[in-house]
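Residue numbers (the working numbering): 301 to 1259.
For each residue, glycine too, the CB sits at the ideal point set by N, CA and C.
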């Protein structure tokens, strides 16, 4: 059976869209696009525009970035008409989406840096709001995604930037179809399948078009289910389970007064869902107010930041009970608070102030409703607000099996919140690649095969004194020091270490510090705990000391069960180390400054995912915790959890889930290194929160199984290219594409395999040198594609993702190369020849150093023969490198007619801040400012050259 061609796919889709209610439009180029926009906007606004008036509209639409244009679309424009009147031009009707005008066109051709022709475009009121890119069946849809990225770079900005109004992209090969929001920095990880209310994915294009692209649903998605994030300046489109949960809450609040809950697994984006639900529910006619309740002071602050990122100034944090009472009684529609403050608000002290609210319909939305609504607080709130409606969100509900007793008896989530409105469990999230699987390794005697140089006594231990023994803890510290780089890709990611008590946290920290001072490691370690006596807890819970109100005096002596002078003094010392590392002034002696210390640790871990994060200066490697940070804390750059405490049920899943947020290709799983035998507890927890067959879905296979997968991928590679030299004999681009895809699969498997501490080259049927040789050929093809695209030569390899982040290896930097060069100096002739080849091969196989290969080779050939002493190599190389850098900068400035001093200052600012300069800053360095037509192309070219210069001379060159 032959594959359905792209043209057939396109024609069938257009016919289907017409049947769904789209009007057909023939738009070949930018001029017709603008003419169609004018007529559609006139029809939609029921007016007409003179040429001058429409020029003003077009000028308004042309302003701003993709993000700013998303706001322009949803706003109105005050047009001063030629007759002297004012008219408010509307571009999209969010209140009544059926009033918008929907059209479909195809093969629109626009010319920017290059000429591009787009597949299928959906226009709303004349503006292109959805772009659909198709690939024939059998092709990776990732190629369609990469094609979109090229179009963004090459031509979407032309013709007044109208294609920058695209809100959603759809990519499909007929059998797999996904959607994504339009952002300037987008990742294929942010592409989603649509699904039905039961989480069954709708992958076929025909079914997707029917469910998602029909004008009624599409209009609703654009109007209500795209969130404009002010903090990161991006658009976020809701995933299907978030959409269905929100819709279910709206139905529940509109038609009943019953309580209910949403079960969405940890890491699936509950905050976004709850924000969207809060935002829509607060505008329902019968709802007086929405109160969003979190159970910890730090989450109060974190949630406020996230809510305000989704919509500016949407909530204000309630600093104390008094400010909560004020917000409850004024016209604030959405109130964010902690359960402790809410509990205080309904106490006798404030009852009179909020008495008028007793009979109002107030919807309380509880974040993580399993944690703190099981006592008197829940009862007190529901008793006072007699028309209240409670909606709970949880990733790990309480069932009869994991309920713990209090004075109210054993109570489940269903007992308190009623029916579950929507369910999205951990197996759904892993299947959809919305969270990662866990790679769990149990370190200790019961492990059959282990490269561990230590034997940690963990088998069937139940004696606390053995678990707490300094000898055992030191072995674990040595193990972490030995394998931390291995687990975190040479410190590119951070880790948490959770231990069973504050005493243990102190022991661990002191040992790490002692070994650091002895020069045995360079890990940056912090710890946070509530400096009080802590029992070994099975659950993961976090409480900041000031949770009960912000005016709690943390500096005062507290009761003995809460405050231990010894642990507090220790923590003060540890905060002092932190202050030295990061130039801080935190302390336990001031409640605000201690709270700020906790926020700073959280922010430092969270901010690592930002593009401009200064990793060298601000990186934090490991945070030692007892219970804190194990729930509700999200940081994509945390990929490892070291466990030396007993965890079970919801506490275990919550803690493990700190590691499994999606981030790029390199982060393939959440690493769990357990120094206790939690195998049964893990299996039981996964079974409880999904089903007994889920264990293999949620956790990665053991090392041997992953090695088998690697062997299968290797076999497939050798079927295409039996040796690395065979890559030279590939005659067509199709054959090269097959090699790229096969080696990429091998790379992905190697990425997972090498994350296991048991990894050994002896276990697989390819040695390290041969693997590196294949990798060099792979990178040669990548560079060929890069060169071809620079001269506008199209290639079928253009849209294949080489996933270069899988190749990045920080450990090979200039210091390592210089060490090899000094060894080369002392070697005899035959050894020197072999070593020279090894160095050049090494440079060819490392993506960061590959660009430097030519210059380093030149140094070896032209400078090395005149250096008499190997000890002088570092100094001579530094001198040579600076000379080459000056020459390259001079050449770049001459080619582009740039002022050298100004341009060097711009480069220095970019290196320091990581912020890419805007084009105006570049133009200030030019002798003559380019014309408007040439500005974008010239600006992009100079910025690209600047990045290449920094990549070549700065990145990886700090010894």
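Can you give the Cα-Cα distance for residue 822 and residue 1179, rounded to whole angstroms?
Position 522 of the chain shown holds residue 822. Position 879 of the chain shown holds residue 1179. Near 28 Å, if we compare the C-alpha coordinates of residue 1179 and residue 822.
Rounded to whole angstroms, what is the Cα-Cα separation between residue 434 and residue 306?
As a first step, residue 434 is located in the chain shown; it is residue number 134 there, counting from the start. As a first step, residue 306 is located in the chain shown; it is residue number 6 there, counting from the start. Roughly 6 Å between the two C-alpha positions.
From which residue to which residue does the beta strand (DSSP E) around residue 431 run?
Residue 431 sits at position 131 when you count from the first residue of the chain shown. Note, residue 431: beta strand (DSSP E), 427-434.
Do you know offhand how far residue 364's Cα is from residue 937's?
Counted from its first residue, the chain shown places residue 364 at position 64. Counted from its first residue, the chain shown places residue 937 at position 637. Between residue 364 and residue 937, the C-alpha separation is close to 31 Å.
Determine, using beta carbons only, whether residue 353 and residue 381 come nearer to each other than 7 Å.
For the purposes of this step, residue 353 is identified with residue 53 of the chain shown, where counting begins at 1. For the purposes of this step, residue 381 is identified with residue 81 of the chain shown, where counting begins at 1. Contact: yes.
Please report the straight-line C-alpha distance between residue 377 and residue 358, rounded to a whole angstrom.
In the chain shown, residue 377 corresponds to position 77, counting from 1. In the chain shown, residue 358 corresponds to position 58, counting from 1. Going from the Cα of residue 377 to the Cα of residue 358 covers about 11 Å.
Measuring alpha carbon to alpha carbon, tell me which residue in 389, 334, 467, 399 is nearest residue 1342.
This structure cannot settle anything about residue 1342, because the visible part of the chain is limited to 301 through 1259.
Which term fits residue 854, buried or exposed, when burial requires 16 or more other beta carbons within 10 angstroms of its beta carbon?
Walking along the chain shown from the start, residue 854 turns up at place 554. Confidence is the limiting factor: at residue 854 the pLDDT is only 24, short of 50, which leaves the residue's position unreliable and the question unanswerable from this model.
From the DSSP output, in three-state form, read off residue 1239 for me.
Here residue 1239 corresponds to residue number 939 of the chain shown, with the count starting at 1. Helix at residue 1239.
Please state the DSSP three-state secondary structure of residue 747.
Taking the chain shown and counting its residues from 1, one reaches residue 747 at position 447. With a pLDDT of 43 at residue 747, under the threshold of 50, the modelled position of this residue cannot be trusted; read the value that follows with caution. Residue 747: coil per DSSP, three-state reduction.
Classify residue 1193 as helix, strand or coil using the three-state DSSP reduction.
On the chain shown, residue 1193 is found 893 positions in, with the first residue counted as 1. Looking at residue 1193 - three-state DSSP - the assignment turns out to be helix.
Under a three-way DSSP split, which group does residue 839 fall into?
Locating residue 839 in the chain shown gives position 539, counting from the first residue. Here the model assigns residue 839 a pLDDT of 39, short of 50, so the residue's position is not dependable, and the following value carries that caveat. Of the three classes helix, strand and coil, the one that applies to residue 839 here is coil, per DSSP.
Which of the three DSSP states is assigned to residue 1153 in this structure?
As a first step, residue 1153 is located in the chain shown; it is residue number 853 there, counting from the start. Correct three-state label for residue 1153: helix.
Give a yes or no on whether the C-beta atoms belonging to residue 939 and residue 959 are separated by under 7 Å.
Here residue 939 refers to the residue found at position 639 of the chain shown. Here residue 959 refers to the residue found at position 659 of the chain shown. Cβ distance < 7 Å, so residue 939 and residue 959 count as in contact.
What residue ranges within the segment 621-692 form continuous alpha helix (DSSP H) runs of no fewer than 4 residues, ordered along the chain?
621-629, 639-645, 648-654, 676-684
Rounded to a whole number of angstroms, what is the C-alpha to C-alpha distance between residue 578 and residue 689?
To locate residue 578, count along the chain shown from 1; it is residue 278. To locate residue 689, count along the chain shown from 1; it is residue 389. Distance between the alpha carbons of residue 578 and residue 689: 13 Å.
For a test of the three-state rule: what should DSSP assign to residue 316, helix, strand or coil?
Your numbering for residue 316 matches position 16 in the chain shown. Residue 316: helix per DSSP, three-state reduction.
Quick one: residues in its chain with C-beta nearer than 8 Å to the C-beta of residue 1199, no 5 flanking neighbours on either side, listed in chain order?
Walking along the chain shown from the start, residue 1199 turns up at place 899. Excluding sequence neighbours, residue 1199 sits near 1193, 1225, 1226, 1227.
Grab me the residues of residue 1138's own chain with a C-beta within less than 8 Å of its C-beta, minus the 5 sequence neighbours each way, in chain order.
By 1-based counting over the chain shown, the position of residue 1138 is 838. Within the same chain, 1120 come within 8 Å of residue 1138 by CB-CB distance, once the 5 residues on both sides are set aside.
Measuring CA to CA, which of 569, 776, 1205 is closest to residue 962?
Reading the chain shown from its first residue, position 662 is the one you call residue 962. For residue 962, the nearest C-alpha among the options comes from 569.
Could you tell me the boundaries of the beta strand (DSSP E) in which residue 1027 lies?
Residue mapping note: residue 1027 aligns to position 727 of the chain shown, counting from 1. Element bounds for residue 1027: n/a, residue is neither H nor E.
Rounding to the nearest angstrom, what Cα-Cα distance links residue 947 and residue 769 in this structure?
If you number the chain shown from 1, residue 947 lands on position 647. If you number the chain shown from 1, residue 769 lands on position 469. Residue 947 and residue 769: Cα-Cα distance of roughly 20 Å.
Among 327, 661, 1207, which has the Cα closest to the Cα of residue 555?
In the chain shown, the residue the question calls residue 555 occupies position 255. Closest by alpha carbon: 661.
Per DSSP, which residues does residue 970 bridge with? Please list them.
Working through the chain shown from its first residue, we reach residue 970 at position 670. In DSSP, residue 970 forms a bridge with 738.
Grouping DSSP H, G and I as helix and E and B as strand, with all else coil, what is residue 1078?
Working through the chain shown from its first residue, we reach residue 1078 at position 778. Three-state DSSP puts residue 1078 in a helix.
How is residue 362 classed by DSSP in three states: helix, strand or coil?
In the chain shown, residue 362 corresponds to position 62, counting from 1. In the structure shown, residue 362 sits in a helix (DSSP, three-state: H, G or I).
Classify residue 860 as helix, strand or coil using the three-state DSSP reduction.
Locating residue 860 in the chain shown gives position 560, where the first residue counts as 1. Residue placement at residue 860 is flagged as unreliable, the pLDDT there being 32, under the threshold of 50; the coordinate-derived value follows with that caveat. In the structure shown, residue 860 sits in coil (DSSP, three-state: anything other than H, G, I, E or B).
Quick check: the Cα distance between residue 744 and residue 312, rounded to an integer number of angstroms?
Residue mapping note: residue 744 aligns to position 444 of the chain shown, counting from 1. Residue mapping note: residue 312 aligns to position 12 of the chain shown, counting from 1. Each residue's Cα considered, the two are about 59 Å apart.
What residues in its chain sit with their C-beta under 6 Å from that of residue 877, if we drop five residues either side in the sequence?
In the chain shown, counting from the first residue as 1, residue 877 sits at position 577. Contacts found: none.
On a Cα-Cα basis, can you pick out the residue from 881, 1167, 875 that is closest to residue 895?
One-based indexing of the chain shown puts residue 895 at position 595. Checked all of 881, 1167, 875; the closest Cα to residue 895 is 875.
Between residue 837 and residue 796, what straight-line distance do the alpha-carbon atoms span, to the nearest angstrom?
As a first step, residue 837 is located in the chain shown; it is residue number 537 there, counting from the start. As a first step, residue 796 is located in the chain shown; it is residue number 496 there, counting from the start. Any reading at residue 837 needs caution, since the residue's pLDDT is 37, under 50, leaving its predicted position unreliable; the model's value is listed next. It is roughly 17 Å from the alpha-carbon of residue 837 to the alpha-carbon of residue 796.
Using the C-alpha atoms, what's the distance from residue 486 back to residue 573?
Taking the first residue of the chain shown as 1, we reach residue 573 at position 273. Taking the first residue of the chain shown as 1, we reach residue 486 at position 186. Cα to Cα, the separation comes out at about 21 Å.
What would DSSP say about residue 535, mapped onto helix, strand or coil?
One-based indexing of the chain shown puts residue 535 at position 235. In the structure shown, residue 535 sits in a strand (DSSP, three-state: E or B).
Using a Cβ distance threshold of 8 Å, determine whether the segment 433-448 contacts the segment 387-406, with at least three qualifying pairs required.
no
DSSP state of residue 984, grouped into three classes?
In the chain shown, counting from the first residue as 1, residue 984 sits at position 684. If DSSP states are grouped into helix, strand and coil, residue 984 belongs with the helices.
Quick check on residue 403: does DSSP put it in helix, strand or coil?
By 1-based counting over the chain shown, the position of residue 403 is 103. Here residue 403 sits in strand by DSSP.
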